[in-house]
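Student: Got a structure here, written out as structure tokens. Questions coming.
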Amino acid sequence: MSRVLYIGGSGEISFACVEASVRAGQEVTVFNRGIRGEKLPGEVEQVIGDVSDDAAYAELASREFDTVCQFIAFDTGTVSRDIDTFAGRCGQYVFVSSASAYRKPWRSGSITESTPLDNPFWEYSQLKAACEKLLFEAHAVGRLTVTIVRPSHTYRRRIPGTCVPGIHLAWRILNDKPVIVHDDGESLWTLTHAEDFARAFAGLCGNRHVLGEAFHITSDSARSWNEIVDLVGKALAHPPRIVHVPTDRLIEYSGHWLGPIKGDKSNSLVFDNSKVREATGGWRCEIGLEAGLAFAATIARKQIDDGYAPDERLDALIDRIVADCE
-10 MSRVLYIGGS GEISFACVEA SVRAGQEVTV FNRGIRGEKL PGEVEQVIGD
40 VSDDAAYAEL ASREFDTVCQ FIAFDTGTVS RDIDTFAGRC GQYVFVSSAS
90 AYRKPWRSGS ITESTPLDNP FWEYSQLKAA CEKLLFEAHA VGRLTVTIVR
140 PSHTYRRRIP GTCVPGIHLA WRILNDKPVI VHDDGESLWT LTHAEDFARA
190 FAGLCGNRHV LGEAFHITSD SARSWNEIVD LVGKALAHPP RIVHVPTDRL
240 IEYSGHWLGP IKGDKSNSLV FDNSKVREAT GGWRCEIGLE AGLAFAATIA
290 RKQIDDGYAP DERLDALIDR IVADCE
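Quick note on my numbering: the sequence shown kicks off at -10 and runs consecutively.
Given below as structure tokens:
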């Protein structure tokens, strides 16, 4: 039985991957703080510790795993420590990067794994690309055997967000407040359900054919942002009131949107998944967007019924932009 360590394991993507690994017959250990998220499957060993605690983290070095899956490394310092910690102690190190690191602006065509990592707008993406570079260098000299995985926008319990988090988007829709969609809303966006992502991810763990390789894992279906927000409204049984605002105008109001909007969501992104499909025996997504959003909407409604309130400053900013641009 393959022994797999998840660093993280309680997030929107990683929890689904833990479940998929268990279903695939892998022996799973999770290292995290144990203070959030859903209840892990009973077969999972949970090691409580903080990734920022060097002493707790160093204890992992005394154990050997076939695969280590790193979901919560966002800078080269963390990755450098992982190289030192797991060199010679695991057969495969899977780094969860980000498809947002691909070249932006993206003009046309499908993105493949050979598309350059060059996003000048978003520091998050630049740091993920720097982590990949460091890991491939370690792989090349035989220090650590590496596989890179690049998720794009992947959801499960959370409604996909636009320029506000998904729960805030749902709150505005249900309270008859206009919601902002960048530009004309016709750029194409790929949304992937975490359970679909997880089946492919588990198929990469312990797979000797994927060592030294990078993969993205996404749906093959892309929708316009107008359609996505309309489908969110349908899932909430409440039609949205959409206001279109140019991306550059949004950034004038808040530089926070430079990375996630100009450096990601404003681009029409369609992915070629033939590489991961070949590596995992024909994997394909099975959960349609409408079905996925229906479940996420039930979670959002419960959160709102339980008293959720959005960030007041952000909500006031959205109101101001709408008033200026509607």
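From the three backbone atoms N, C-alpha and C, an ideal C-beta is built for every residue, glycine too.
(1) Taking all protein chains shown into account, do 16 or more other C-beta atoms lie within 10 angstroms of the C-beta of G98, making it buried, or fewer, making it exposed?
(2) Please state whether DSSP places I307 in a helix, a strand or coil.
(3) C194 and D55: beta carbons closer than 9 Å?
(4) Contact defined as beta carbons within less than 8 Å: I believe H205 pairs with R139. What is the distance between those atoms, to the nearest angstrom?
(5) Is A226 buried or exposed, if buried means 16 or more other CB atoms sit within 10 Å of its CB?
(6) With DSSP as the reference, label R(-8) as helix, strand or coil.
(7) Determine which residues share a DSSP beta bridge with H182 and list them.
(8) Hey, which unbroken runs of the beta strand (DSSP E) at 3 residues or more fall wholly within the segment 27 to 91?
(9) Counting C-beta neighbours from all protein chains within 10 Å, is the total for G(-2) 16 or more, i.e. buried, or is it exposed?
(10) Give a yes or no on whether the C-beta atoms belonging to I156 and V232 are separated by under 9 Å.
(11) With a floor of 3 residues, list each beta strand (DSSP E) that falls wholly inside the segment 249 to 288, ordered by position along the chain.
(12) Considering only the beta carbon of each residue, do Q59 and D71 sit closer than 9 Å?
(13) Over the uninterrupted alpha helix (DSSP H) stretch that includes N215, give me the two end residues.
Tutor: Considering the structure as presented:
(1) Translated into positions along the sequence shown, residue 98 becomes position 109. Burial call: exposed.
(2) Numbered from its first residue, the sequence shown carries residue 307 at position 318. The DSSP-derived three-state label of I307 is helix.
(3) Within the sequence shown, the letter at position 205 stands for residue 194. Within the sequence shown, the letter at position 66 stands for residue 55. Cβ distance < 9 Å, so C194 and D55 count as in contact.
(4) For this step, residue 205 is matched to residue 216 along the sequence shown. For this step, residue 139 is matched to residue 150 along the sequence shown. About 4 Å separates the two Cβ atoms, so the contact holds.
(5) Taking the sequence shown and counting its residues from 1, one reaches residue 226 at position 237. Classification of A226: exposed, given that the 10 Å Cβ count is below 16.
(6) Here residue -8 corresponds to residue number 3 of the sequence shown, with the count starting at 1. Looking at R(-8) - three-state DSSP - the assignment turns out to be strand.
(7) Position 193 of the sequence shown, counting from 1, holds the residue named residue 182. DSSP, once it has assigned bridges, lists Y144 as partnering H182.
(8) 34 to 37, 54 to 59, 79 to 85
(9) The residue labelled residue -2 in the question sits at position 9 within the sequence shown. So G(-2) ends up on the buried side.
(10) Within the sequence shown, numbered from 1, the residue matching residue 156 stands at position 167. Within the sequence shown, numbered from 1, the residue matching residue 232 stands at position 243. Against a cut-off of 9 Å, the Cβ pair of V232 and I156 comes out as no contact.
(11) none
(12) The sequence position of residue 59 within the sequence shown is 70, counting from 1. The sequence position of residue 71 within the sequence shown is 82, counting from 1. Taking 9 Å as the Cβ cut-off, Q59 and D71 qualify as a contacting pair.
(13) Counting from one through the sequence shown, the residue named residue 215 turns up at place 226. Here the alpha helix (DSSP H) through N215 covers 214 to 224.
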